[in-house]
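A.B. asks: Residue numbers (the working numbering): 31 to 346.
1. For residue 120 versus residue 141, is the C-beta spacing smaller than 7 Å?
2. Only counting the same chain, and skipping five residues up and downstream in sequence, which positions put a Cβ closer than 6 Å to that of residue 347?
3. Please tell me whether, using a cut-off of 6 Å, the distance from the CB of residue 263 to the nearest non-hydrogen atom of the ligand FMN is below it.
4. Distance check for residue 198 and residue 342, CA to CA, integer angstroms please.
5. Between the Cα of residue 368 and those of 151, 164, 247, spot the shortest distance and give me the residue it belongs to.
6. In angstroms with no decimal places, state the Cα-to-Cα distance between residue 249 and residue 138.
7. Just verifying my parser: in three-state terms, what is the DSSP assignment at residue 243?
8. How big is the Cα-Cα spacing for residue 196 and residue 69?
9. Beta-carbon separation of residue 348 and residue 282 under 7 Å?
10. Is the region 245-263 touching the region 165-178, taking contact as three or more C-beta pairs under 8 Å?
11. So which of 76, 48, 99 has the shortest CA-CA distance to residue 258?
12. Alpha carbon to alpha carbon, how far is residue 177 from residue 233? Give it in angstroms, no decimals.
13. In whole angstroms, what separates the C-alpha of residue 43 from that of residue 118?
14. Quick check on residue 314: buried or exposed, where buried means 16 or more other Cβ atoms within 10 Å of its Cβ?
15. Buried or exposed for residue 147, please, with buried defined as at least 16 other CB atoms from any protein chain shown within 10 angstroms of its CB.
16. Going straight from the alpha carbon of residue 307 to that of residue 337, what length do you get?
17. Please classify residue 48: does DSSP put it in a helix, a strand, or coil?
18. Use the C-beta contact count for residue 220: other C-beta atoms within 10 angstroms, 16 or more gives buried, fewer gives exposed.
Here it is as structure tokens:
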């Protein structure tokens, strides 16, 4: 029995390592895809010099970043300055544990709750990074990250809670079976749109890139980061783009024959929005989260709960 458990654990560990390596390679080519999209949107080619059509550009950029010198600011808090990007990177990879393979690495009964915890912890990396840098711009970026996360995470959790009431499950795998014939996208289109916008805020992507506003805060909370430490933040951001795109497809479309197309569509949409929309003001973000998303989401929860009670009453 102990031998079987040991072999099962080793197999799970190998599967997880293969998945992490796949995610990191996907991040490399995701950056190339973004630069190509931005290039064509601006009527230029983008990276096209290194090897065939610039396919090895991400690896060239990685070598350049990793070989740069690392130095710490004299007044910065060295320990937390180093821990912050490491924390962001670990969380962005650890959250992939609940990915619903045909063979699950770990079958969690509360996988959606686990996602909430990881997303909640993610803001600490921005907060600690900005505070430990001892820079005014970095500190302002970390303060924005905290206030922004409080605003959108409340409504985003309630959106998923609405789906939990409908499906009566906390397990991400169950949403595949419940959407076998028709996805929640058709029932909850407003909820789907709100959730997609909340994902943009969670990822600090345009038009909600207030934490890293270049025109206001130089580079926000990661202004003082360089070399491999900046690379960890960069990998964490793009790994979360891949994960959140997968999450919205699983929650609203399910794992069907068009999963890859839906997945690529949402990734492309996140990258395309960066080239199209300007950054909104901070007060507009607060107004949208507290006065539009939250009331509408609460009303949807009440409607879904009432509909669920009516269905139970009819069945009984």
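Just so it is clear, CB atoms sit at the ideal spot from N, CA and C, and this is done for glycine as well.
C.D. replies: Quick answer:
1. no
2. Residue 347 falls outside the range modelled here, since the chain spans only 31 to 346, and no answer is possible.
3. This structure simply doesn't include the ligand FMN, nor any ligand for that matter.
4. Answer to the nearest angstrom: the Cα atoms are 12 Å apart.
5. The question about residue 368 has no answer here: the residues shown for the chain are numbered 31 through 346.
6. 37 Å
7. coil
8. 42 Å
9. Nothing about residue 348 can be read from this structure; the chain reaches only from 31 to 346.
10. yes
11. 99
12. Their Cα atoms are separated by approximately 14 Å.
13. In a straight line, the C-alpha of residue 43 is about 21 Å away from that of residue 118.
14. exposed
15. Under the 10 Å beta carbon count, residue 147 is surrounded by fewer than 16 other beta carbons and is classified as exposed.
16. 37 Å
17. helix
18. exposed
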